[in-house]
C-alpha cells in the first residue's frame, strides 16, 4: 500500500476556531464536541474525538484481536538499530500483498548518544531482539497472541558444557564492563577494535525472548571486524571482560537463551515506553516507580499510548495532539490514564510523545504532529497488520467527512472517494466508473474520477448533499454547507523572524454560528516581498526585509505585517558577570560537580558567556535551576538565547509567571530532542506561541506584564542523564519594530 503523501497530508495548522479554557481540562467525564468513527480493517475501527474544552484532539484505533485476519507487529526503524524512520514510512515499507499495514503509531523514547535513535526500552521485531529493557514498562506480544504490559527484566545466558556465561546487554555499543551479544540488527558488521569476538552461527535467523537458540562457534577474533549476517550472533568483550570468553572455543556448540521471566511464551513483538498508566482496570500513573519526572507526568504534551481490555481481546492505540492551542493543548499523564481507563483498558502504558506523537491510518497521518516539519523520525512503532485478501468493491467513503463539511464562500474544497472491499481493503476503481452529483446551488463541481474540486458559490448556502456512485452498486454521500466567514485570524500577527528561522502559521476562520475546518486548498497566501517564504502551516525568513502577508479564504482576506531581521530587541541577560555561584537548586543532580562560571574565550557576544557545568544523578527527573528575576512589561514575539552545545541531549528551558500568577514553560530545545549539537553555537528561538501552560494552570494563556523566574537544565529519562558543560549567551526578548 504505497499511498502517495505530501506535507499536505499531515501538517495543517489551519483547523477549527476553538475556545481555550483556562480551567482544569479533563475529558474522562466529558462528552466530545465531535466524534467520527470508521472501519479501516477487519475488526479495526478508527475513532476521532474532539473536545472543545481544551481543545483536545484524540485519535483512537480499536482493534479486535480475536479477528483471524488481524495481528499486531512491532517495527524497528528501517529494520535495524540506530537508523530511525517515520511511522508512515514504516507502514509503507512493511505493507505487502497479504499483509497490509492498516495503521500504526510511534512507540518508544530514544537517545541520540552514543548512537542515534537508540530505543530506551526493550525492542523486539521481525524475529529478532534489537535491544534489552530499561526499568520502564513495555508492551509485549507473544507468539500465541497474548499481550503483556508492565516492566520486565532480561537475563541472557550462553551455556556450553557445564558452564554458563551471563551476557550484560544486547546490541549495546557503550557497554565495556561485560559481554555484549550482537546480532544483524546492530549493523552489517561489528568493528572489533580492542575487542575479543566469539562468532556464532545458528540454523534459523530468529532470536527471540524465551526461546533458546543452539549455535556453533565458527571462530574467535581479537581486534578484528566481523560480519553480522542474519544467522550470526557475536559475543563481544572489551579487555576488562575478555577473560569471561576464555572457555569458548571454535567448534563448540552452545545454547543461547534470552529469558524474560515476567512473560509466559515466546515474545515476538515488544516496544518500550512508560510509565504504566492503567493496571488491573484502575488508572494509576506509576511515574515514581518508573522514575519519571513529576513535570513530565503533570504537564500537558502530545501523547501516545497503548492499552488492552481485561479479556485481552480488544487492543487500543491512542494519540492526543498538543502544543497547538487552536487545535489541541495535550494531556498530562493522569488525565490520559483516566481516558484510557474510560475507553475500556485494563492495562495501558504511555509511549514517547511530544513531536514524536504520530498515528497513521491507511497511508495517511491522521493526527496533527506538533513539529513544524510534520511527523518526526522515530526509533520504532507498533503496527496493525491485515492479512485479509482483497475482494471486489463493497462500499465507498468520501473524505473529508463532516456534519456537514463547511466550505467558506468563494473557496475551493477537494473531496476524495475511496472504494473498499468487505474487509476494508482499499480497491482501485476506474475513473469512468464513478459518477458525482450535487445541487448546483453549492457551486461548480470539477469532477475527475476519485478526486473532485468544489468551487463554492459566492453566497452562503444551507446544507446540501454531495453524492457519488460507483461499481457493484456502491455509493456514498456527504453533507456540504457553504458558510460565510465572519472572522479570519492569522497568528502570529505581526510576524517577526530571523533569517533562516521558521515559525508555525495558524489561520482560523469562524462563521457566525461556529468554526470552519480549513483544508489547504481553501487558503491562498501571498507575500509582498520575497524575504518571506510561505508554506502550509509555516513561514520562513529568507533575508532582511519587511512587507505584508495576504491571507485569503474564499472571499475573505486579511493582511499581516512581517519583519525579517528587523525588530526591537530587549537583552534579558548578557551573562557578562556572575554575582553568585551557589544559587543553583533543583532535583537529582550532584551539587559538588555542578558549577557556574564566566567564560571569556568562547563567548558569542559581549565580554563573556555563562559556562554551566552539570552532573545529573540517577533516580527521578534531573532539574538544575538557575533562579532569575527579569520583568517583561509587554508581550514579545519570541525569546532567543545562544547555546554552545555538548551533544548530551539535556534540555534548556525557562519558567515564566504572568501578573495573574499563571506559570508557563519556555522550551529552547524542541522538547525531547535536547542539545543534540556539539562544539558549536546555535541560536535557540522559542516563539511566544510555544509556551506550555504548567500543571497548576492547564490550558491557560499568558497575560502581560510577566516575569522570567528561572532558566534550567533538565532530563527525565534515566538513559539520557549525563554530565557535561554548556555555554549560554545573549538571552533576549524579540519585539516587532515600533
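In our numbering, the protein residues as written are 280 to 1017. Glycine included, every Cβ here is placed at the ideal spot set by N, Cα and C. None of the values given here were measured: they were computed from a predicted structure.
Where does the unbroken alpha helix (DSSP H) through residue i begin, and where does it stop?
i, result
"residue 616", "612-622"
"residue 1023", "Within the shown structure, residues of the chain are numbered from 280 to 1017, placing residue 1023 beyond reach of any answer."
"residue 575", "573-577"
Report, in whole angstroms, the separation of the C-beta atoms of residue i and residue j, which I expect to be a contact under 8 Å.
i, j, result
"residue 551", "residue 413", "6 Å"
"residue 795", "residue 685", "5 Å"
"residue 539", "residue 432", "7 Å"
"residue 419", "residue 548", "7 Å"
"residue 407", "residue 486", "5 Å"
"residue 497", "residue 528", "Going by Cβ atoms, the distance from residue 497 to residue 528 rounds to 11 Å, so no, they are not a contact pair."
"residue 984", "residue 912", "5 Å"
"residue 369", "residue 356", "7 Å"
"residue 817", "residue 778", "About 15 Å separates the two Cβ atoms, so there is no contact after all."
"residue 241", "residue 311", "Outside the modelled stretch of the chain, which goes from 280 to 1017, sits residue 241, for which no answer is possible."
What residue does the beta strand (DSSP E) around residue i start on, and which one ends it?
i, result
"residue 868", "Careful: residue 868 lies outside any beta strand (DSSP E) and carries neither H nor E."
"residue 732", "730-735"
"residue 385", "379-385"
"residue 771", "Run containing residue 771: none; DSSP gives neither H nor E here."
"residue 559", "Element bounds for residue 559: n/a, residue is neither H nor E."
"residue 725", "722-727"
"residue 920", "917-925"
"residue 1035", "Shown here, the chain extends from 280 to 1017; a query on residue 1035 therefore has no answer."
"residue 676", "674-678"
"residue 1019", "Outside the modelled stretch of the chain, which goes from 280 to 1017, sits residue 1019, for which no answer is possible."
"residue 795", "793-795"
"residue 907", "901-911"
"residue 858", "From DSSP, residue 858 is part of no beta strand (DSSP E); its letter is neither H nor E."
"residue 362", "Run containing residue 362: none; DSSP gives neither H nor E here."
"residue 313", "313-320"
"residue 423", "Counting along the chain, residue 423 falls outside any beta strand (DSSP E), and DSSP gives it neither H nor E."
"residue 802", "802-806"
"residue 840", "835-843"
"residue 338", "335-343"
What three-state label does DSSP hand residue i in the structure shown?
i, result
"residue 512", "strand"
"residue 491", "coil"
"residue 784", "coil"
"residue 742", "strand"
"residue 531", "coil"
"residue 998", "helix"
"residue 812", "strand"
"residue 945", "strand"
"residue 354", "strand"
"residue 643", "strand"
"residue 682", "coil"
"residue 523", "helix"
"residue 710", "helix"
"residue 693", "strand"
"residue 465", "helix"
"residue 635", "helix"
"residue 303", "Caution is warranted here: a pLDDT of 37 is assigned to residue 303, below 50, making its placement in the model unreliable, and no coordinate value can be reported."
"residue 288", "Reliability fails at residue 288, whose pLDDT of 30 lies under 50, so the model's placement of it is uncertain and the value that follows must be treated cautiously. Correct three-state label for residue 288: helix."
"residue 413", "coil"
"residue 876", "strand"
"residue 751", "helix"
"residue 952", "helix"
"residue 581", "coil"
"residue 969", "helix"
"residue 705", "strand"
"residue 1010", "strand"
"residue 452", "coil"
Compare the C-beta of residue i against all C-beta atoms of chain C and say whether one is closer than 7 Å.
i, result
"residue 454", "Checking the listed chains, one finds no chain C in this structure; it contains a single protein chain."
So does the segment 856-875 actually touch the segment 830-843, counting three or more Cβ pairs closer than 8 Å? No contact exists between the segment 856-875 and the segment 830-843.
For the structure I just gave you, are there three or more beta carbon pairs, one from the segment 459-472 and one from the segment 550-570, closer than 8 Å? Because the criterion of three Cβ pairs below 8 Å is not met, the segment 459-472 and the segment 550-570 do not touch.
Decide if the segment 594-601 is in contact with the segment 1006-1017; the criterion is three or more beta carbon pairs, one per stretch, under 8 Å apart. no
Using 8 Å as the Cβ pair cut-off and three pairs as the minimum, do the segment 628-642 and the segment 379-387 touch? Yes, the segment 628-642 touches the segment 379-387.
With contact counted as at least three CB pairs below 8 Å, one residue from each stretch, are the segment 467-475 and the segment 422-441 in contact? no
Meets three-Cβ-pair contact criterion under 8 Å: the segment 613-627 and the segment 309-323: no
Do three or more CB pairs link the segment 395-411 to the segment 667-679 at distances below 8 Å? no
For the segment 711-723 against the segment 744-757, are there 3 or more C-beta pairs whose distance is under 8 Å? yes
Using a Cβ distance threshold of 8 Å, determine whether the segment 755-769 contacts the segment 784-791, with at least three qualifying pairs required. yes
Sufficient close CB pairs (3 or more, under 8 Å) joining the segment 995-1005 to the segment 959-976: no
On the three-pair Cβ rule with 8 Å, is the segment 681-701 touching the segment 748-760? yes
Does the structure place the segment 999-1014 close enough to the segment 914-931 that three or more beta carbon pairs sit under 8 Å? Touching, yes.
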